[in-house]
Amino acid sequence: MAHRFLKSNSLLILLGAAGALIFIFLYSRVSPAASVDMRYSRSQIMERTRSYLLGLGYDLKNYQQDAWVGMEGRTHLYLQTRVGMDRANEIVRSDTVPAHHWYVSWYDPSLPQSQNPETFRVWMTLGGRVLGFEHVIDDSVGRPSVAAAQARAMAEAFLIAQNVNLQEYQLKTSSDTKLRGRTDYRFVWSRQDTLGEQELWLRVQGNEVGGYRASFVLQGDFQREYGDTFTKMTFIVTASFAALFLLFFFIVVLFLRKYHEGEVGTRTAALVFIGLFAISVLSALNQYPVLGASTMIGDLNKANVRLVVFGMDVFIVQVFFSVMVFAAWSVGESSSRTSWPRKLTAVDSTLFRKFFTADVGEGILRGYAWGLGLLGLFALVSYWLTKYAGVYLLPTEVSGIAEAYVPAAQPVLAGFTGAVTCEIIYRLFFISYLSERLKKPWLAVLAAAVIWTVTAYALWSVPIGHPRPGLYLAILLLFGLAFGYLFLRYDLITTIMANFVLISLNAAIPLFSSQGAYFVPVQWEVIAFLAIPLVVAVLGLIKQQRFEFTLETMPQHIKRISERERMAKELEIARSVQMSLLPKSNPLAEGYDIAGICIPALEVGGDYYDFVSLGGSKIGIAIGDVSGKGVPAAIYMTLTKGILQSHAEDNVSPKLVLSKVNSLMYRTIERNSFVSMFYAILDLQQKTIRFARAGQCPVIFTQHADRDGLFLTPKGMALGLEMGKVFDSVLEEREVLLRSGEVLVFYTDGFTEAMNKREEEFGEKRLVEAVSRHRTRPAADLIRGICDEVKAFTGDALQHDDMTMVV
């Protein structure tokens, strides 16, 4: 089967190999990041700056330092406009134009940043050449001052000592600033060459040279054009983050709704959340040296600032994205398993630690092939755009890679987190979810690609470099369509691995373009990290095992969906039975107003009421509650109704009727089941009501408007619990004479046990008070008034038991 897979995908594998070769051949010509040529590691740069400052006579005892790479993207972009991408990369790499640099800061770690009496800054090119330094002291610090001529002489002597050929420069401006305890001087020199203007400033503070810096001056027209582009990109970024927040709430709210409906599961989503969050934390830890390097937070010192930034990154940013992915996976998984169950097989295999399966191997190889193919294709397109279409690309930031504890791991970690996040949200969730609603997968792919275009800037960067805003959005849309095609054509792991290859290799360009001895083994480490998935793929293809869910490993929510559908059918049957057993109309009796109601719960609880015509001037009134839920309760309701009606017509004694019903019920129902019932016989001529109670709620009896209702509580036990001897001895029958205006309320415990969200019960006291408030109304209105009060009390809380009442 491995041979068959390789044969059937040979064209795709060749496409990937061709893409890799094209990218290797062109990346230095089309990628601004290829202008990065680091000759020294972070620790080596820090040591060189230490030696430099010590050589200037500064005491660095008790000082610590931070170092990070600064990208002069504007300078590189300007050079592209003058000489093209290929030549711009050569110039920056030659170290002749001050573009990319290391920024090294020295500070007292025991003090807040705002209270450091003096700090030091050093700018050094990636090749190790000093671009400048600065000794920062407060304006209030006093120093012996010198005259302007002496200050200029000091400045020129210092620059000559720094191997600056001042004969190539002309003094552009000079100024002095008189402070409280000293006079500072600032001198600016400039020189013109074929590329443009380079500027050099130097500051004399008191009687020392306090700093200098060489920089490249961008022309006015370019500055304005770049400013317009930057403004547009800032708007896109802001809109992208705002849209992403809206997306977060949409996905999470949808998840919560579906979770409460039992349509989604969380087991595999939890595994995805844990894995993604763990890798995100590992990435943040790897970048820890550079976190918060240029950030100031109140009076915190550098160490605490770094901790705060780390905490915010991990526990706010990463939790935000991990929760979003968790919810997107839960909903997308449910939709995908319904429409395309095989699209998650390889990911399932990985989540359940079956790494070496053919499903995983095929997905990884396809993903690598497509990722390399897309990267090579985009390199060709970028080459044509930059060479012939006048398109310029802004370099992406490389900060956080060279400064990392393990530089080779950072592109891979970034690739994993970025690919998993994007593909689960935009492909698994949106395409699967929208396909269910739009019924057209390609329309779902297009919609998902549009959403990706609007929001993905916060999660994903265009490979190679950033073009102008309009072209940038168009490229995002095309990549969104490409990833959507891969998801429809193959599966989720293919799209994840394709995106992983794009992100990782693009992030690793500065490492591969650096020629320093330190970075040679780093490059091999990157290759080794990227080869790990390929090794897993090869082993999976060799072993040729397919992943299938067993009953034990099948996600619980799939079982729950099936169970929920079965229960829904049962409840529908039970509710239909329950409603069919209830009286179709209320009895008409001269001098009496009688009404009944049964409000079924989400789960049918088996409540029952009935009116039995006994002939002459008598009416039987029954209200009961069958134990259990669903279909079994409905069956027992049917049985109870039949037994009651078969014995009620021949007897005028409620006790005798219940005794016979109990005897038959005991022989019929299971031992753990029972029926509670209140049965009464209303004599219209004698104006009496005779009743007996078999474990049912008492009846509320209101006699006068100025009195609270009384409970009629004759003794008795539930039907079906005992053969008859004990039942008959306990059961008590009573009779009450009825007068005009008096009210009898039969009810089940669904009224008294109705709960609000604070889990407070409505209770007998509130029920009696409600009866008293509405006692003068017609029977149907009285019931409606009580139901309204119960609803007002429970609010949005779910009804868990039937509510049945007869008045």
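Adding 1 to a residue's 1-based position in the sequence shown gives its number in my numbering. Heads up, the beta-carbon is just placed ideally off N, CA and C, and yes, glycines get one too.
What does the Cβ neighbour count give for residue i, buried or exposed, with the cut at 16 atoms within 10 Å?
{"i": "Q697", "result": "buried"}
{"i": "T1", "result": "Because the chain spans 2 through 808 in this model, residue 1 falls outside it and cannot be assessed."}
{"i": "S654", "result": "exposed"}
{"i": "K585", "result": "exposed"}
{"i": "V385", "result": "For clarity, residue 385 is Trp in the given sequence; the question names Val instead. W385 comes out exposed."}
{"i": "T235", "result": "exposed"}
{"i": "N500", "result": "buried"}
{"i": "T174", "result": "exposed"}
{"i": "Q411", "result": "buried"}
{"i": "Q114", "result": "buried"}
{"i": "H261", "result": "exposed"}
{"i": "T689", "result": "exposed"}
{"i": "S614", "result": "exposed"}
{"i": "E733", "result": "exposed"}
{"i": "D139", "result": "exposed"}
{"i": "Q206", "result": "buried"}
{"i": "L738", "result": "exposed"}
{"i": "P522", "result": "exposed"}
Over the uninterrupted alpha helix (DSSP H) stretch that includes residue i, give me the two end residues.
{"i": "F274", "result": "R268 to N287"}
{"i": "S433", "result": "S433 to L439"}
{"i": "P470", "result": "P470 to R490"}
{"i": "D87", "result": "M86 to R94"}
{"i": "Q529", "result": "In the sequence as displayed, the identity of residue 529 is Ala instead of Gln. Counting along the chain, the alpha helix (DSSP H) containing A529 begins and ends at F520 to K544."}
{"i": "T387", "result": "A359 to Y389"}
{"i": "V455", "result": "P442 to T456"}
{"i": "D349", "result": "T346 to L352"}
{"i": "A151", "result": "Just to set this straight, residue 151 is Gln in the shown sequence, not Ala. First-last of the alpha helix (DSSP H) with Q151: A149 to A162."}
{"i": "W330", "result": "V320 to S340"}
{"i": "T50", "result": "R43 to G56"}
{"i": "L460", "result": "Unbroken run through L460: none, as it is neither H nor E."}
{"i": "G312", "result": "K303 to M313"}
Assuming residue i and residue j are in contact, meaning their beta carbons sit under 8 Å apart, how far apart are those beta carbons, in whole angstroms?
{"i": "F702", "j": "L713", "result": "5 Å"}
{"i": "V238", "j": "Y458", "result": "6 Å"}
{"i": "L498", "j": "G364", "result": "Going by the sequence as given, residue 498 is Met instead of Leu. About 7 Å separates the two Cβ atoms, so the contact holds."}
{"i": "D803", "j": "I600", "result": "7 Å"}
{"i": "V676", "j": "G597", "result": "With a Cβ gap of about 18 Å, V676 and G597 do not count as contacting."}
{"i": "Y491", "j": "T82", "result": "At roughly 41 Å, the Cβ-Cβ gap does not stay under 8 Å, so Y491 and T82 are not in contact."}
{"i": "F274", "j": "S323", "result": "5 Å"}
{"i": "T454", "j": "L429", "result": "Actually they do not touch by this definition, with Cβ atoms about 18 Å apart."}
{"i": "S284", "j": "L414", "result": "4 Å"}
{"i": "L659", "j": "L720", "result": "7 Å"}
{"i": "E200", "j": "S216", "result": "5 Å"}
{"i": "T120", "j": "W107", "result": "6 Å"}
{"i": "Y427", "j": "A449", "result": "5 Å"}
{"i": "N507", "j": "I533", "result": "The pair is not a contact, with the Cβ atoms about 19 Å apart (cut-off 8 Å)."}
{"i": "S628", "j": "S674", "result": "5 Å"}
{"i": "A359", "j": "Q545", "result": "5 Å"}
Which residues does DSSP list as the beta-bridge partners of residue i?
{"i": "T120", "result": "V137"}
{"i": "H102", "result": "G71 and T126"}
{"i": "C423", "result": "Note: C423 sits in no beta bridge, so no partner."}
{"i": "Q65", "result": "Y108"}
{"i": "A693", "result": "Y680 and E734"}
{"i": "G597", "result": "V807"}
{"i": "A395", "result": "Correcting the residue identity first, residue 395 is Leu in this sequence and not Ala. Looking at the DSSP assignment, L395 forms a beta bridge with H467."}
{"i": "V700", "result": "L713"}
{"i": "A35", "result": "Its beta-bridge partners do not exist; DSSP assigns none."}
{"i": "V131", "result": "M125"}
{"i": "A590", "result": "Y593"}
What is the residue span of the beta strand (DSSP E) that residue i lies within?
{"i": "D684", "result": "V676 to D684"}
{"i": "V807", "result": "M804 to V807"}
Examine chain C for any beta-carbon lying closer than 8 Å to the beta-carbon of residue i, and answer yes or no.
{"i": "V772", "result": "Within the model displayed, chain C is absent; a lone protein chain is all it includes."}
Report the start-end ranges of each beta strand (DSSP E) in the segment 172–236 that is 3 residues or longer and not cut off at the edges. List check, beta strand (DSSP E) in window: 184–193, 198–206 and 209–218.
In the segment 601–633, which residue ranges form an unbroken beta strand (DSSP E) of at least 3 residues, counting only runs that do not cross its ends? Runs of the beta strand (DSSP E) inside the segment 601–633: 608–614 and 619–627.
Write down every uninterrupted run of the alpha helix (DSSP H) in the segment 703–787 whose length is 4 residues or greater and which is fully enclosed by it, in chain order. Within the segment 703–787, the complete alpha helix (DSSP H) runs of at least 4 residues are 726–731, 750–753 and 764–775.
Enumerated in chain order, which unbroken segments of the alpha helix (DSSP H) with a length of 4 residues or greater are wholly contained in the segment 641–674? 655–669, all fully within the segment 641–674.
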